[in-house]
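Top line first, the protein sequences correspond to chains A and B. Just so you know, we're using this note's numbering here: the first sequence kicks off at 2 and counts up by one. Just so you know, we're using this note's numbering here: the second sequence kicks off at 30 and counts up by one.
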Amino acid sequence: MRKQAEIHDRKAESGWRDYRRAFLAAFPHTIPVLTGYLFIGMAFGVMIQEKGYGPLWAMFMSLVCYAGSGQYLAVSFFTPQTVLTDVIFLEFMVNIRHVFYGLSLLERFAGMGKKRLYMIFSLTDETYSLYFITKAPGDVDEDKFLFAIALLDQSYWILGSGIGALAGSLLPFDAKGIDFAMTALFVVILTEQWMEKKNRPGVLAGLICGGAGLILCGPDNFILPSMCGILGVLLLFRKGLPGGGECGEDSAGTVEAEREQP
Amino acid sequence: MPVSVGRTLVIISAVAGTIFLTRLLPFLLFPEGKEIPAVIRYLGRMLPPAVIGLLVVYCVKTVRPAEYPFGLPEMISIVAVAGLHVWKRSNLLSIGAGTVLYMFLIQVVFR
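Structural data, given as C-alpha cells:
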C-alpha cells in the first residue's frame, strides 16, 4: 500500500517537474503576448468598469470568454434591451475566423487527453500564432510546452482585465499605442512565414484577400468575405501549391510570390 | 450594474458559449481518430500563413490613408518591425522596438 503511494508520489513529482520545465521554456516566448494582453486586457477592464462592473466581473469574463474583440463587443450587451439571439449571432460573426484555426491543429492536439479541451478553448489569435513560431526545446514535452503557452497567455489576459477594472484610469504614463505590440507580433510572425518560401503563396493569399475585403466591404464586415476568398484561392490553386498536388515545390504560387515581392 | 446579476450571467454564458463554439467547431467536425480528408489536411497546412496575413490587415483596418497622418505611423512601424526582424531575427527586439517606435510616432511626432 505504502509502496504504491510512494510510486504514485514520485510519478506526480516528476510530472510537476516536467510542467515546471515546460513553463520555464515557454515563458520567454510569451513575453510579447504578455505586453499586449496586459494592456489590451486593461482596456477591456476599463470599459467594463465604466459599465458598473468591478474587477471580479472583468476577470470572470476573461476567464470564461477569453476573446479580445469578442469581449469588447460584449461590453455593449449589458443593457436591458439586449436580445439574446443578437448576442449569439454577433459574437459568432466577430469570432468566425476561429472556426478555421482548429483545422491546422486537428492532429497537433490529438492525444492531448484532458488538456485538449482547454487547448481548444484557449485558441486566441495570439496563442494560435505563437504555435507556429515556437518549438519546444529537446528536453521539454511538446504537449506540456503548448499547454504552458496557452495557460500563460490567458493568465496575462485575466490579470490585465483585473488591473484595468481596478485602476486603469490611474496609469502613471501615457500608454496610448501600446496595443501595437499585438500588430508587431503578427508582423513578426508574417515575416517568419515569408522567410520560408513554401509559405509565401499563403501569406499573399491572406494579405491580398484581406486587403481586397477591407476595401470592398469596409472595416466592420470584411473578415468573413476575406476568409471565404482565402479558402477559394487556396482550393482553386490546390494543385499548383506546395503540399497540394503532385507538383511539389516548384509551383505557380511561388513564381507569383516572387514577382509580387516588394 | 445596468442589468441584474442573473441577466449578466446569462449574457456572459451566451458570449462564452458562442466563442467556445467557434473554436470547437472544426474539432467536432473532424473528431479524434476519424480520418481527416486530404483537402482538410491541405487547408490546415496552408491556412496559418494566410490567416496571419489576414490578421495583419485586421490590425490596420481602422487606419484612414486619406486623412492625417495618412497611416504613416502604422506604415513606418510595420516596415521597421519587419526590417528589424529580417536583420536580427529576435522576436522580442522586433516587437519591443516596433511598439516603442509606434508610441513615439503617435504621441510625439504625428500628434
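Where a beta carbon is used, it is the ideal one built from N, C-alpha and C, also for glycine. Here the structure is a predicted model, which means the values were calculated and not measured.
Nonlocal neighbours in the same chain, by C-beta distance under 7 Å from residue i, ignoring five residues either side
i, result
"Asp-19/A", "Asp-142, Lys-145"
"Ile-231/A", "Ala-206, Gly-207, Cys-210"
"Met-60/A", "Ile-159, Ser-162, Gly-163"
"Phe-187/A", "Ser-130"
"Gly-71/A", "Glu-92, Val-95, Asn-96"
"Ala-258/A", "Unreliable placement is indicated for Ala-258/A, whose pLDDT of 37 sits below 50; the coordinate value is still reported in the next sentence. Result list for Ala-258/A: Arg-201, Pro-202, Leu-205, in chain order."
"Gly-134/B", "Here residue 134/B is Leu; the residue named in the question, Gly, does not match the sequence. Contacts found: Pro-102, Ile-105, Ser-106."
"Gln-262/A", "Residue placement at Gln-262/A cannot be trusted, given a pLDDT of 37 that sits under 50; the coordinates are not used to answer."
Cβ neighbour criterion (16 or more within 10 Å) applied to residue i
i, result
"Ile-216/A", "exposed"
"Leu-64/B", "Residue 64/B is actually Glu in this sequence, not Leu. Glu-64/B should be labelled exposed."
"Ala-206/A", "buried"
"Val-138/B", "exposed"
"Lys-177/A", "exposed"
"Phe-28/A", "exposed"
"Cys-66/A", "buried"
"Phe-99/B", "exposed"
"Met-30/B", "exposed"
"Asp-87/A", "exposed"
"Asn-96/A", "buried"
"Trp-195/A", "buried"
"Phe-90/A", "exposed"
"Val-234/A", "buried"
"Arg-264/A", "Any answer about residue 264/A is impossible in this case: the structure gives chain A only from 2 up to 263."
"Gly-112/B", "exposed"
"Thr-47/B", "buried"
"Ala-67/B", "exposed"
"Arg-140/B", "exposed"
"Gly-53/A", "exposed"
"Thr-80/A", "exposed"
"Asp-154/A", "buried"
"Val-221/A", "The identity of residue 221/A in the sequence shown is Asp, whereas the question assumes Val. Answer is exposed; the Cβ neighbour count stays below 16."
"Ser-105/A", "buried"
"Glu-127/A", "buried"
"Pro-94/B", "exposed"
"Gly-69/A", "buried"
"Gln-50/A", "buried"
"Val-84/A", "exposed"
Close Cβ partners of residue i (< 6 Å) along its chain, the five nearest in sequence each way excluded
i, result
"Ser-130/A", "Ile-190"
"Glu-103/B", "Val-89, Val-92"
"Gly-127/B", "Ser-106, Ala-109, Val-110"
"Ile-164/A", "Met-43"
"Gly-46/A", "Ala-59, Ser-162, Gly-165, Ala-166, Gly-169"
"Leu-63/A", "A small fix is needed here, since residue 63/A is Ser in this sequence, not Leu. Within the same chain, Ser-63/A has close Cβ partners Trp-158, Ile-159, Ser-162."
Beta-carbon contacts of residue i that lie in its chain and below 8 Å, excluding the five residues immediately before and after
i, result
"Gln-136/B", "none"
"Lys-117/B", "Ser-123"
"Ala-213/A", "Ser-227, Gly-230"
Checklist entry - Name the residues in the stretch 112-125 of chain A whose C-beta lies less than 7 Å from a C-beta of chain B; which are they? => result Ile-121, Phe-122, Leu-124
Item to check | Residues of the stretch 72-91 of chain B with Cβ closer than 9 Å to any Cβ of chain A, in chain order | outcome: Leu-72, Gly-73, Arg-74, Met-75, Leu-76, Pro-77, Pro-78, Ala-79, Val-80, Ile-81, Gly-82, Leu-83, Leu-84, Val-85, Val-86, Tyr-87, Cys-88, Val-89, Lys-90, Thr-91
Checklist entry - Looking at chain A, which residues of the stretch 49-66 of chain B have a Cβ within less than 7 Å of any of its Cβ atoms? => result Phe-49, Thr-51, Arg-52, Leu-53, Leu-54, Pro-55, Phe-56, Phe-59, Glu-61, Ile-65
Item to check | Interfacial residues, the stretch 93-111 of chain A to chain B, with Cβ spacing under 8 Å | outcome: Phe-93, Asn-96, Ile-97, Arg-98, His-99, Val-100, Phe-101, Tyr-102, Gly-103, Leu-104, Ser-105, Leu-106, Leu-107, Glu-108, Phe-110, Ala-111
Checklist entry - Of the residues that make up the stretch 110-134 of chain B, which ones have a beta carbon closer than 7 Å to any beta carbon in chain A? => result Val-110, Ala-111, His-114, Val-115, Asn-120, Leu-121, Ser-123, Ile-124, Gly-127, Thr-128, Tyr-131, Met-132
Next on the checklist: Beta carbons nearer than 9 Å to chain B: which residues of the stretch 182-195 of chain A have them?
Outcome noted: Ala-182, Met-183, Thr-184, Ala-185, Leu-186, Phe-187, Val-188, Val-189, Ile-190, Leu-191, Thr-192, Glu-193, Gln-194, Trp-195
Checklist entry - Name the residues in the stretch 216-233 of chain A whose C-beta lies less than 8 Å from a C-beta of chain B; which are they? => result Pro-220, Phe-223, Ile-224, Ser-227, Met-228, Ile-231, Leu-232
Item to check | alpha helix (DSSP H) runs wholly inside the stretch 198-247 of chain A, at least 4 long, in chain order | outcome: 201-218, 224-237
Checklist entry - Between the stretch 40-67 of chain A and chain B, which residues of the former have CB atoms less than 8 Å from a CB of the latter, in chain order? => result Lys-52, Gly-53, Tyr-54, Trp-58, Phe-61, Met-62, Val-65, Cys-66, Tyr-67
Checklist entry - Using a Cβ cut-off of 7 Å, which residues of the stretch 74-95 of chain A contact any Cβ in chain B, in chain order? => result Ala-75, Phe-78, Phe-79, Thr-80, Pro-81, Thr-83, Leu-85, Val-88, Ile-89, Glu-92, Phe-93
Checklist entry - In chain order, which beta strand (DSSP E) runs of at least 3 residues are fully inside the stretch 28-85 of chain A? => result none
Checklist entry - What residues from the stretch 134-164 of chain A come within 8 Å of chain B, judged by C-beta to C-beta, listed N to C? => result Ile-134
Next on the checklist: Quick check on the DSSP output: what are the complete alpha helix (DSSP H) runs of length 4 or more inside the stretch 55-118 of chain B, in order along the chain?
Outcome noted: 67-88, 101-117
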